[in-house]
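Asks: My questions will all concern the structure given below.
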Amino acid sequence: MAADIALRFPATTAPSRETPPAPPPSATTETPATRRVVIAISLAFIAAVLILPLAAVFTEAFRGGVSKYLESFDDPDTWAAIKLTLLVTAIAVPLNVVFGLAASWAIAKFDFRGKSVLVTLIDLPFSVSPVVSGMSYVLLFGAQGYLGHYLDTINLQIIFATPGLVLATIFVTFPFVARELIPLMQEQGSSEEEAALSLGAGGWRTFWSVTLPNVRWALLYGVLLSNARAMGEFGAVSVVSGHLRGLTNTIPLQVEILYNDYNFVAAFAVASVLAGLGLVTLAVKSALEWRYADQLAAGRRR
Amino acid sequence: MSDAEIGRALTDRAYSQHRRPPRKRGRGTTFRKPSAIPGFGAALGFTWLYLAVVILVPLGAVVLWTGSLGPERLWQIASDARVGHALRLSFGLSLAAAAVNAVFGLIVAWALTRYDFPGRRLIDAAVDLPFALPTAVAGIALASIYAPNGWVGSIIPFKVAFTPAGIFVALVFIGLPFIVRTLQPVLADLDREVEEAAATLGASRAWALLKVVLPTLLPALLTGFALAFARAVGEYGSVIFIAGNIPYVSEIAPLLIVMRLEEFDYGSATAVATIMLALSFAILLFVNLVEAWSRKRLGHGR
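The listed protein sequences correspond, in order, to chains A and B. Mapping of the first sequence onto the numbering used here: residues 1 to 302, in sequence order. Mapping of the second sequence onto the numbering used here: residues 303 to 604, in sequence order.
Here it is as structure tokens:
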């Protein structure tokens, strides 16, 4: 834009505001040429590695036009998968929110022995392969697992059923909320809570009207991340699901089935829903980072 | 002594009595420091209970199962040619992908923190795409791009999809944010004065970057490398679609675990998982040692 204007009015106008005077050559910055090369490499790499797959999802989904795209959702198995995913997420995420609040309350407001061990253990699920986390439940609850016989006698099925999917989802999304809340609540300290208590508020009242409002954006941030992961998890869920069409398939597993059936348009159409969810997550997350930076844990500020 | 001075002396004394220096924690002290805030027992109790039920007991089952296999069985499975190939492939490609990401991640993080260019915030947000995009979605997207008739696959002269090169591409995709997000805060906090000092002492910009800036970034770079590597070794969803999963060619270790579980061969699955965890642990330990050494050499504890 600025270049356009400059071209149209080359001599008569004063130098436009958009082109600042060239900065004096500095010893602690790179030359403009180097800068341009570094930026170009970054942009090219991001475009090739990250943007291209995203573009491919939507291109492939709309390969047959909008009507073909919409037709892809005319499948009871797909709807069953969507419903199951919503159910699993609706159980797993709130449970992890309660856990995150309890853990951060204990860790940030008190000093006790074994705290660092606890903090390390909370991060443990991030360093376990999703496949291994699914496997751990199979070893426990599977037909040949430690509790398999017992579960059989009381007629309770966990593996290849919804409870297994919920457990696997809880495992992989376990640290998200706690990780956002603990550092923030540690930064905030407990003087506000102490003030509320000294003014006569009870424990719950203090929590609801002092602590929770103070951490609400960080909580939302954590919920957002765990929600996206819960709906998109593949490896852990794949191990415990058994892939029963219409029964134990979540959306990502349904994508896999459609893809392996060579039903590419439908596979990418269903995948585009997940990609859309990912994009919305990313947008809200970035908005939180820019707008409420001071109310998020230090590591999240940009 | 004036009244004010006496008053101050008294409050000082009262204060010093009230706030005794905190004793070193150790034997003979209480489990937790006294605090006016309620809810410690309930919060900590729930945290440990939930952690035990959802994470520790299932992972304990994995350890128990490994223990029941015995060393001969473990060795027998580890020396199986197919398992050996899958492990070599997983670890080799994960290291290579993490290394490539370390280089490009450093360039991207540098451009994002040091330079201003149009769309910088958008690119910054896009770095998190691999976290936001479900792995199965990324997997089918990458497979379609690099398939022989795909956008990239039809241009390049060699085969990527359904070969180890395809696995490498998927691992680069999922690893990038780990490097960039670990480097960004360190780069932002970097003391410019050190660079200025290097410049005043006659170092060229490139020399200052190499000898002054890079060593400072090394610990963070290694942390990012370790995170990206750990994630890549266990990665399943984004890899299996592009890998082709040909035994002895492009079969990764996590896939072997899933296949053994589907055959109800829990023993073999656990053995592969245990070997995978042991190797990852050894590599991560080595990276941590190098990191600790580079930090110590640097002389500060960032």
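Where a beta carbon is used, it is the ideal one built from N, C-alpha and C, also for glycine.
Is the separation between the beta-carbon of PRO183 (chain A) and that of ASP123 (chain A) shorter than 8 Å?
Replies: Not closer than 8 Å, so no.
Asks: What does LEU478 (chain B) touch in chain A if you count any residue whose Cβ is under 9 Å from its own?
Replies: PHE45, ILE46, VAL49, LEU50
Asks: Can at least three beta-carbon pairs, one atom from the region 533 to 550 of chain B and one from the region 434 to 448 of chain B, be found at a separation below 8 Å?
Replies: Enough Cβ pairs lie closer than 8 Å, so yes.
Asks: With DSSP collapsed to three states, give me the class of ARG334 (chain B).
Replies: Residue state, collapsed to three classes: strand.
Asks: Less than 8 Å between the C-beta atoms of LEU181 (chain A) and LEU219 (chain A), yes or no?
Replies: yes
Asks: How long is the line joining the alpha carbons of ALA228 (chain A) and SER286 (chain A), rounded to whole angstroms?
Replies: 14 Å
Asks: Who are the Cβ neighbours of SER396 (chain B) in its own chain at under 7 Å, not counting the five residues just before and after it?
Replies: Shown here for SER396 (chain B): same chain residues with a beta carbon closer than 7 Å to its own, the five before and five after excluded, namely LEU473, PHE531, ALA534, VAL535 in chain order.
Asks: Name the chain A residues whose beta carbon is nearer than 9 Å to that of SER392 (chain B)?
Replies: Going along chain A, no residue has its Cβ under 9 Å from SER392 (chain B), so there is no contact; the nearest lies around 10 Å.
Asks: Which residues in the same chain have their Cβ closer than 6 Å to the Cβ of GLY539 (chain B), if we skip the five residues on either side of it in sequence?
Replies: Within the same chain, and ignoring the five residues on either side of GLY539 (chain B) in sequence, the residues whose Cβ sits closer than 6 Å to its Cβ are THR437, ALA438, GLY441.
Asks: Looking at the strands, I want to know which residues DSSP matches up with PHE112 (chain A).
Replies: Partner(s): B:ARG334.
Asks: Pull up the distance between the alpha-carbon of LEU371 (chain B) and that of ASN590 (chain B), whole angstroms please.
Replies: Using only the alpha carbons, I get a separation of about 30 Å.
Asks: Taking only beta-carbon positions, decide if ASP493 (chain B) is within less than 8 Å of chain A.
Replies: no
Asks: Taking only runs that begin and end inside the region 196 to 272 of chain A, name each unbroken alpha helix (DSSP H) of 4 or more residues, in chain order.
Replies: Counting only runs of 4 or more, we get 203 to 206, 216 to 232, 235 to 241, 251 to 260.
Asks: For PRO373 (chain B) and ALA363 (chain B), what's the separation of their Cα atoms in angstroms?
Replies: 17 Å
Asks: Do you know offhand how far GLY202 (chain A)'s Cα is from LYS115 (chain A)'s?
Replies: 26 Å
Asks: Within 10 angstroms of the Cβ of GLY330 (chain B), are there 16 or more other Cβ atoms? Answer buried if so, exposed if not.
Replies: For GLY330 (chain B), the predicted model reports a pLDDT of 49, less than 50, meaning its position is unreliable and no value from the coordinates is stated.
Asks: Which first and last residues belong to the alpha helix (DSSP H) in which TRP412 (chain B) is found?
Replies: 383 to 416
Asks: Suppose you measure from the CA of GLY328 (chain B) to the CA of ALA499 (chain B); what does that come to, to the nearest Å?
Replies: Model confidence at GLY328 (chain B) stands at a pLDDT of 49, short of 50, so the residue's coordinates are unreliable; what they give is reported in the following sentence. C-alpha separation (whole angstroms): 45 Å.
Asks: Using beta-carbon positions only, say whether ALA168 (chain A) and TYR137 (chain A) come within less than 8 Å of one another.
Replies: yes
Asks: Mind checking if LEU563 (chain B) is an interface residue toward chain A, Cβ cutoff 8 Å exclusive?
Replies: yes
Asks: For PHE234 (chain A), which residues of its own chain have a beta-carbon under 6 Å away from its beta-carbon, when the five flanking residues on both sides are left out?
Replies: PRO252
Asks: Could you give the distance in angstroms between the alpha-carbon of THR153 (chain A) and the alpha-carbon of THR465 (chain B)?
Replies: 46 Å
Asks: Would you please state the rounded distance, in angstroms, between the beta carbons of LEU50 (chain A) and PRO432 (chain B)? I believe it to be under 8 Å.
Replies: That belief holds up - the Cβ atoms of LEU50 (chain A) and PRO432 (chain B) are roughly 7 Å apart, short of 8 Å.
Asks: Less than 6 Å between C-beta atoms, sequence neighbours within five positions excluded: which residues of the same chain meet that for HIS387 (chain B)?
Replies: Excluding residues up to 5 positions away in sequence, TYR550 lie with their Cβ nearer than 6 Å to the Cβ of HIS387 (chain B) in the same chain.
Asks: Could you tell me the alpha carbon to alpha carbon distance between GLY468 (chain B) and ALA275 (chain A), rounded to whole angstroms?
Replies: Taken atom to atom, the span from the alpha-carbon of GLY468 (chain B) to that of ALA275 (chain A) is near 21 Å.
Asks: Residues of chain A with CB under 9 Å from GLY372 (chain B), in chain order?
Replies: By Cβ distance, chain A contributes nothing, its closest Cβ being about 16 Å from GLY372 (chain B), past 9 Å.
Asks: When the Cα atoms are used, what is the spatial distance from GLN186 (chain A) to TYR69 (chain A)?
Replies: Answer to the nearest angstrom: the Cα atoms are 48 Å apart.
Asks: DSSP on GLY372 (chain B), reduced to helix/strand/coil?
Replies: coil
Asks: Of all the residues that make up the region 442 to 476 of chain B, which are near chain A by a beta-carbon distance shorter than 9 Å?
Replies: If you check each beta-carbon in the region 442 to 476 of chain B against every beta-carbon of chain A, the ones closer than 9 Å belong to ILE442, ALA443, LEU444, ALA445, SER446, ILE447, GLY452, TRP453, VAL454, VAL471, VAL474, PHE475.
Asks: Might you give, ordered along the chain, the residues of its own chain that have their beta carbon closer than 7 Å to the beta carbon of ARG384 (chain B), omitting 5 neighbours on each side?
Replies: PRO549, TYR550
Asks: Can you tell me whether SER354 (chain B) is buried or exposed, with buried defined as 16 or more other CB within 10 angstroms of its CB?
Replies: Sequence inspection shows Ala at residue 354 (chain B); the Ser mentioned does not correspond to that position. Its Cβ having fewer than 16 others within 10 Å, ALA354 (chain B) is exposed.
Asks: Quick one: does ILE585 (chain B) have its CB under 8 Å from some CB of chain A?
Replies: no
Asks: With a threshold of 16 other CB atoms inside 10 Å of the CB of LEU32 (chain A), please say whether the residue is buried or exposed.
Replies: Strictly speaking, residue 32 (chain A) in this sequence is Pro, with Leu absent from that position. Burial call: exposed.
Asks: Does the ligand NAP have even one heavy atom less than 7 Å from the beta-carbon of VAL359 (chain B)?
Replies: Within the structure as shown, the ligand NAP is missing, as the structure has no ligands at all.
Asks: Can you tell me whether LEU213 (chain A) is buried or exposed? The criterion is at least 16 other CB atoms within 10 Å of its CB, across all chains shown.
Replies: The residue asked about is misnamed: residue 213 (chain A) is Pro in this sequence, not Leu. With fewer than 16 other Cβ atoms within 10 Å, it is exposed.
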